[in-house]
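Chemist: First the structure, then my questions, so here it is.
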Amino acid sequence: MNYVIEAFDKNTEELIFEIAIPDGNFDSLKAIMGWSSIEDSYYGYDLDRPQLSRLEALLGKEIFDLRYDFQLGCYD
Numbered sequence: 021m022n023y024v025i026e027a028f029d030k031n032t033e034e035l036i037f038e039i040a041i042p043d044g045n046f047d048s049l050k051a052i053m054g055w056s057s058i059e060d061s062y063y064g065y066d067l068d069r070p071q072l073s074r075l076e077a078l079l080g081k082e083i084f085d086l087r088y089d090f091q092l093g094c095y096d
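Each residue of the sequence shown is one higher than the one before, counting from 21 in the working numbering.
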């Protein structure tokens with residue numbers, strides 16, 4: 021599975037950018053997202069600020085911006 025952080029404009033709901041989560045981070049994602057089963061990882065999720073902060077730490081970069089809503093997406 022491929023996971024991405026998606027940033028959507030709060031006014032237009034347009035996808036502004038995506039940032040891929042590097043392979044090999046499933047266990048970290050599971051902890052950040054609170055997943056209890058593998059099936060939980062198949063869906064998209066709205067990210068709250070604490071989750072986004074932990075993902076930023078995982079990526080080693082800041083991406084938060086008040087203009088955007090953030091989601092975690094999953095692609096096969």
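Glycine included, every Cβ here is placed at the ideal spot set by N, Cα and C.
As the structure is a prediction and not an experimental result, all values here were calculated from the model.
Y62 by DSSP, collapsed to three states: which one?
Modeler: Working through the sequence shown from its first residue, we reach residue 62 at position 42. In the structure shown, Y62 sits in a helix (DSSP, three-state: H, G or I).
Chemist: Tell me the DSSP secondary structure of D47 in three-state form.
Modeler: Numbered from 1 along the sequence shown, position 27 holds the residue referred to as residue 47. In the structure shown, D47 sits in a helix (DSSP, three-state: H, G or I).
Chemist: Could you tell me the alpha carbon to alpha carbon distance between F84 and Y63, rounded to whole angstroms?
Modeler: Counting from 1 along the sequence shown, the entry for residue 84 is found at position 64. Counting from 1 along the sequence shown, the entry for residue 63 is found at position 43. So the alpha carbons of these two residues sit roughly 22 Å apart.
Chemist: Quickly, what does DSSP pair N31 with across the bridge? List them, please.
Modeler: The sequence position of residue 31 within the sequence shown is 11, counting from 1. Looking at the DSSP assignment, N31 forms no beta bridge with any residue, so it has no partner.
Chemist: Assign I41 to one of two classes, buried (16 or more other C-beta atoms within 10 Å of its C-beta) or exposed (fewer than that).
Modeler: The sequence position of residue 41 within the sequence shown is 21, counting from 1. Buried, since its Cβ has 16 or more Cβ neighbours within 10 Å.
Chemist: What separation, rounded to the nearest whole angstrom, lies between the Cα atoms of A51 and T32?
Modeler: Counting from 1 along the sequence shown, the entry for residue 51 is found at position 31. Counting from 1 along the sequence shown, the entry for residue 32 is found at position 12. In a straight line, the C-alpha of A51 is about 31 Å away from that of T32.
Chemist: For A98, which residues in the same chain have their Cβ closer than 6 Å to its Cβ, ignoring the five residues on either side in sequence?
Modeler: An answer regarding residue 98 cannot be provided, because it is not within the stretch 21 to 96 covered by the chain.
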